[in-house]
Amino acid sequence: MHTAVLTDRERAAVQAYLRLLHTVRAAFDGPPGSPRPVLVPPAVLAEAEEALAGAGLAGNEEAFFRLLHDWCPPT
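At position 65 of the sequence shown the residue is numbered 65 (our numbering), and the sequence of numbers has no breaks.
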């Protein structure tokens, strides 16, 4: 298994993305028919966008998802 060594900025981007993903999942979890939020909290989305841009990954989804996969391989 390949182990990726991420820079601090790449790690921050992956962590921000995972927080965003968990926030979205939490918004859609719950009993069927329960109210769902319309938006992801702006601060969560802004954090992810800023971290991606800081790591030079904005608009480079292929490179980002490769980092994400290497750092958090599927179980």
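Backbone N, C-alpha and C define an ideal beta-carbon position, used for all residues, glycine too.
By a C-beta neighbour count over all protein chains shown, 10 Å radius and 16 as the cutoff for buried, is residue i buried or exposed?
| i | result |
| --- | --- |
| C72 | exposed |
| V21 | As written in the sequence, residue 21 is Leu, which differs from the Val given in the question. That one is exposed. |
| F65 | exposed |
| A55 | buried |
| A48 | buried |
| V5 | exposed |
In three-state DSSP terms, what is residue i?
| i | result |
| --- | --- |
| A58 | coil |
| A32 | This sequence places Pro at residue 32; Ala is not what is there. It is coil, neither helix nor strand. |
| V40 | coil |
Would you give the residue range spanned by the alpha helix (DSSP H) that residue i belongs to?
| i | result |
| --- | --- |
| G18 | First, the amino acid is wrong: residue 18 is Leu here, not Gly. L18 -> alpha helix (DSSP H) spans D8 to F28. |
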